[in-house]
Every structure is written in structure tokens, then in C-alpha cells.
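Structure, as C-alpha cells:
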Amino acid sequence: MRHKRSDFPEGFLFGTATSSYQIEGHAQGGAGRSIWDDFAATPGNVVRAESGARACDHYTRYEADLDLVAAAGFDCYRFSLSWARVLPEGRGAVNTEGLDFYDRLTDAMLERGLKPAATLYHWELPSALQDMGGWRNRDIASWFADYSQVIMERIGDRMWSVAPINEPWCVAWLSHFMGLHAPGVRDIRAAARAMHHVLLAHGRAIEVMRALGMANLGAVVNMEWAMPADDTPEAAQAAARYDAIYNRWFLSGLFKGAYPALALEGLEPHMPKGWQNDFPTIQAPLDWCGLNYYTRKLLAADAGPWPAVREVEGPLPKTLMDWEIFPEGLYQFLKRTASEYTGDLPLYVTENGMASRDVLQDGHVYDEGRVAYIDNHLEAVRRAQAEGVPVDGYFVWSLLDNYEWALGYEKRFGLVHVDFDTLVRTPKSSYHALTAALKA
Numbered sequence: 001m002r003h004k005r006s007d008f009p010e011g012f013l014f015g016t017a018t019s020s021y022q023i024e025g026h027a028q029g030g031a032g033r034s035i036w037d038d039f040a041a042t043p044g045n046v047v048r049a050e051s052g053a054r055a056c057d058h059y060t061r062y063e064a065d066l067d068l069v070a071a072a073g074f075d076c077y078r079f080s081l082s083w084a085r086v087l088p089e090g091r092g093a094v095n096t097e098g099l100d101f102y103d104r105l106t107d108a109m110l111e112r113g114l115k116p117a118a119t120l121y122h123w124e125l126p127s128a129l130q131d132m133g134g135w136r137n138r139d140i141a142s143w144f145a146d147y148s149q150v151i152m153e154r155i156g157d158r159m160w161s162v163a164p165i166n167e168p169w170c171v172a173w174l175s176h177f178m179g180l181h182a183p184g185v186r187d188i189r190a191a192a193r194a195m196h197h198v199l200l201a202h203g204r205a206i207e208v209m210r211a212l213g214m215a216n217l218g219a220v221v222n223m224e225w226a227m228p229a230d231d232t233p234e235a236a237q238a239a240a241r242y243d244a245i246y247n248r249w250f251l252s253g254l255f256k257g258a259y260p261a262l263a264l265e266g267l268e269p270h271m272p273k274g275w276q277n278d279f280p281t282i283q284a285p286l287d288w289c290g291l292n293y294y295t296r297k298l299l300a301a302d303a304g305p306w307p308a309v310r311e312v313e314g315p316l317p318k319t320l321m322d323w324e325i326f327p328e329g330l331y332q333f334l335k336r337t338a339s340e341y342t343g344d345l346p347l348y349v350t351e352n353g354m355a356s357r358d359v360l361q362d363g364h365v366y367d368e369g370r371v372a373y374i375d376n377h378l379e380a381v382r383r384a385q386a387e388g389v390p391v392d393g394y395f396v397w398s399l400l401d402n403y404e405w406a407l408g409y410e411k412r413f414g415l416v417h418v419d420f421d422t423l424v425r426t427p428k429s430s431y432h433a434l435t436a437a438l439k440a
């Protein structure tokens, strides 16, 4: 790698990230059924109908996995908590085995000198709450607040940071408008309500954690740099509309107490009654903001109904996800987020990484493309810092090859290769390169 730790300001933090359903093994430890169990069991939703029932068996192998995080020289470990593992029915009776697991996991991080960076929700809604409307139901904000109280009363005293919800666009739009993730809904009214309720739930969780005396609370949003596919006014408008829905909706709600007009033009007729009155809760003060970034999109106008946008394949090199590699977008997002939304608030790149065709050969995985990808995005961070943007950390997605949602176990994002038959872990070239860079 070209970059090393000393290229960044003192106190800049490096971490790696995972999520509960993708690695833990949801079928063990008393976890309740989740919408991803249901989605995966429905033919056609997930490659080979694979689920997170076994995943990487992190539930029993967490200590060895954390040894890998510590050995690489990372400062932080960003992990998520499973709502269905803590509260199998989403409400009511607590699964003490689940609480005990997250207690042990927290202590294991601290024993290794790792800062625990928790996410309360990474998409595994308990099925019992989906039966009651899930993210379409305004009551989910109260259910989520209660869940936040239960888990953070147990481990909140040892958290370095907490974000309530990972990637609200995926929770709401990808899952309720496009239908590509659980619960697999394709309904504009459901999407509009989910887009709002996910932020209301975020705000309620922040209130709960503040009442517990917790600090260093933030929000994590995912972003795709939107560009017109050609020079026409129609393409420019399509890109602006995509940008409003994907990138600006959540930041605008969190930091401006309003939603962008280009998104409301289609969603406002379907919004829940009195949504305008919820911004004081949504705007609960934050200590930092996290950006998850992977790619850009080229957009053109579409003849169909609102939002009347279609993606156009771009010419740049692509990852195995067929996502264009565009580090410039990360630089632009860091600058824009600070200048238009967050000001002096610390920013973190909370996810960045790539899927590649990683093959184990004689005990090695050579993933030099991932090394270059990380290197080039670290350069984007340095550029933003040089222009005064307060970027305080960078997290690689992901520590382990894992369950990649609707794509099953086909797409490998890990710094560490996982044999999904034997569950043997093998650090890749990128892991070794990062270790050298962090310890240099």
C-alpha cells in the first residue's frame, strides 16, 4: 500500500466492520426469527435460497475473529447487534443468552484494546414486528427505542460509539420500493412511510441513549455519487432526483429538519399524517456522522412513473458487484457533507471496500485489486482532510467474507477469506498489506 498510518493526523482511527446477521449464525443462541430468514425462505429472493442461519459462526468463534482485528493493528471494531437475538419477538421477553453474548463480545474487544463501535440495527427486523407492519408502522419508533434501552442498559457503559441504524436508504427504499432486500416490498406508500419512520426511530434511540448518559452517538448513511449519463437536461434532472432520494433525504432530515423537494414530489402524497412534526425528534443532536461509500451511478431519464430514473452502465473498472470504482465520489461526498450539512462535526468513512473474485491458492488469497481500491479511497480521504474536512476515521468493509444478503455467499468483501464449508479463516493479501500499513 502507498499509504500508512503516519500519513494521517494523530488520533485518526482505522477500523474494520461486520454485521450480526451476516456473520454470527442466526440459528443459534436463542435468536428469534427475522425478516431475512423469511425473505431467504421465499423462492427467487436469495441466491440458492441461502440464509444467515450458520453464516461464519462468529457466535462461537468471535474471540479468534477479534484476534484477527487486533493483530492487524486496527483501532476500532464496528459491529452490529441483532434485535431478534436480544428480543426474539421484537418486544417483551428478553433472550438473556443473546444479551450475554453481546456482553462477552464487548469485553473481548476491550481486552484486545479495540474500541467498540456499535450499530443497533443492520436490517434483521424480528418477524413478529413485520407481522405488525414493520417499518410502515409508526409504532416501530417506540419498539426500537425500547430495544435500544434493553441492550444499552447492558453494554452502553462500554461503547466507544453507537449509531442507531445502518444505511437507512437500504432499510427503506431498497427494501420497500425496489423490493430487493427483506421484507421485499414494492410499494411507494410503504416506502414513503419507511423513509420517514426509520429516521423517527433513529431519533428516539438517540433520546434513549442520551438519557442513559451515553456519548459519542452518530448516524450512518450510505451514499452513491449521482452523475448524469449524458449532457441532456433530462439526464441532469434524473441524477438530481436520484441524489435527492438516495443521498440527501436522510442527511436533510437529520441536519436540516426538512426533506428535499425533488424527493417529496413523489413521496409526499404517501407520507404518514403529521410527519412534519417529527423533525425535533429526528434532529436529536449528534456527535459525528458516518458515510458508507462504494460507487457512483450514471443516471438517465426514464419514460416510466416517478421517479422516472434509470441507471446506465458506466465505462470505469468494476468490482465483482458490477459497481464502478470511483474514489472521486468519496472525496466529493466528504466535502459536500461537511459544507452543506454537518459543519465541524467529525466525519467517519464507516464502510468502504470491494467484492472481488477471491480464490484460495496454496493457502494464499491474492487480492491486489482490493489493496489498490482501499489505497485509492484513502487518498480521497487525505484530499478531503487537506481541504479542511474533519474526517476522523476510516473503516474497511469487511473483516470477513460473509453472507452478502440477496446474493448469498457468492460475493466476497472480506479482508479474511472464509471457507464456507469448513469455516477456516485465511487472511488475504489485503489484510497483510493493511497490517503493514497500520503498524509502519
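For the record, in the sequence shown the residue sitting at position 296 is 296 according to the numbering used here, with numbers rising by one throughout.
Each residue gets a CB set at the ideal place from its N, CA and C atoms; glycine is no exception.
For residue j and residue i, the rounded distance between their alpha carbons
i           : j           : result
residue 252 : residue 188 : 20 Å
residue 61  : residue 101 : 12 Å
residue 19  : residue 399 : 10 Å
residue 141 : residue 198 : 8 Å
residue 359 : residue 56  : 17 Å
residue 317 : residue 367 : 15 Å
residue 434 : residue 7   : 13 Å
residue 210 : residue 311 : 41 Å
residue 408 : residue 414 : 14 Å
residue 221 : residue 97  : 30 Å
residue 167 : residue 214 : 22 Å
residue 139 : residue 115 : 33 Å
residue 170 : residue 292 : 12 Å
residue 362 : residue 162 : 40 Å
residue 75  : residue 83  : 26 Å
residue 389 : residue 277 : 32 Å
Close Cβ partners of residue i (< 6 Å) along its chain, the five nearest in sequence each way excluded
i           : result
residue 27  : 53
residue 254 : 219
residue 242 : 226, 299 and 309
residue 442 : Past the edges of the chain, shown from 1 to 440, lies residue 442, and the structure says nothing about it.
residue 234 : 301
residue 270 : 188, 189 and 192
residue 424 : none
residue 420 : 409
residue 354 : 319, 370 and 373
Cβ-heavy atom distance, residue i to the ligand COA, below 8 Å
i           : result
residue 160 : With respect to the ligand COA, the structure shown offers nothing to examine, as it has no ligands at all.
Limits of the beta strand (DSSP E) - the one that residue i falls within
i           : result
residue 227 : 218 to 228
residue 116 : 115 to 121
residue 392 : 391 to 397
residue 210 : Note, residue 210: premise wrong, no beta strand (DSSP E); alpha helix (DSSP H) at 188 to 211.
residue 80  : 76 to 80
Residue range of the unbroken alpha helix (DSSP H) whose run includes residue i
i           : result
residue 377 : 368 to 386
residue 348 : From DSSP, residue 348 is part of no alpha helix (DSSP H) but of the beta strand (DSSP E) over 347 to 351.
residue 327 : 327 to 337
residue 33  : Neither: residue 33 is in no alpha helix (DSSP H) and is coded neither H nor E.
residue 13  : Here residue 13 belongs to no alpha helix (DSSP H); instead the beta strand (DSSP E) covers 13 to 17.
residue 241 : 233 to 243
residue 104 : 96 to 111
residue 61  : 58 to 71
residue 435 : 429 to 439
According to DSSP, residues forming a beta bridge with residue i
i           : result
residue 164 : Note: residue 164 sits in no beta bridge, so no partner.
residue 293 : 223
residue 285 : Paired residues: none, contrary to the question.
residue 310 : 300
residue 412 : 356
residue 276 : Beta-bridge pairing links residue 276 to no other residue.
residue 400 : 416
residue 361 : 364
residue 318 : 324
residue 42  : DSSP output for residue 42 lists no bridge partner at all.
residue 126 : 34
residue 342 : DSSP lists no partner for residue 342.
Residues of its chain near residue i, where Cβ-Cβ distance is below 7 Å and the 5 sequence neighbours each way are ignored
i           : result
residue 377 : 327, 330 and 352
residue 259 : 249, 252 and 253
residue 73  : 435, 438 and 439
residue 86  : 94, 95, 98, 99, 147, 150 and 151
residue 29  : 59, 85, 97, 98 and 101
CB-CB length for residue i against residue j, believed under 8 Å
i           : j           : result
residue 391 : residue 374 : That belief does not hold up - the Cβ atoms of residue 391 and residue 374 are roughly 15 Å apart, past 8 Å.
residue 176 : residue 185 : 5 Å
residue 122 : residue 164 : Going by Cβ atoms, the distance from residue 122 to residue 164 rounds to 11 Å, so no, they are not a contact pair.
residue 442 : residue 334 : Any property of residue 442 remains undetermined from this structure, which presents the chain solely from 1 to 440.
residue 24  : residue 58  : 5 Å
residue 51  : residue 40  : 4 Å
residue 66  : residue 93  : At roughly 29 Å, the Cβ-Cβ gap does not stay under 8 Å, so residue 66 and residue 93 are not in contact.
residue 205 : residue 148 : 4 Å
residue 117 : residue 160 : 6 Å
residue 365 : residue 428 : 4 Å
residue 306 : residue 182 : That pair is no contact at about 24 Å.
Neighbour flag for residue i against chain B, beta carbons, 9 Å
i           : result
residue 407 : The structure shown has no chain B; it contains just one protein chain.
Cβ shell of residue i (< 8 Å), same chain only, five flanking positions each side left out
i         : result
residue 3 : 375, 378, 379, 382 and 437
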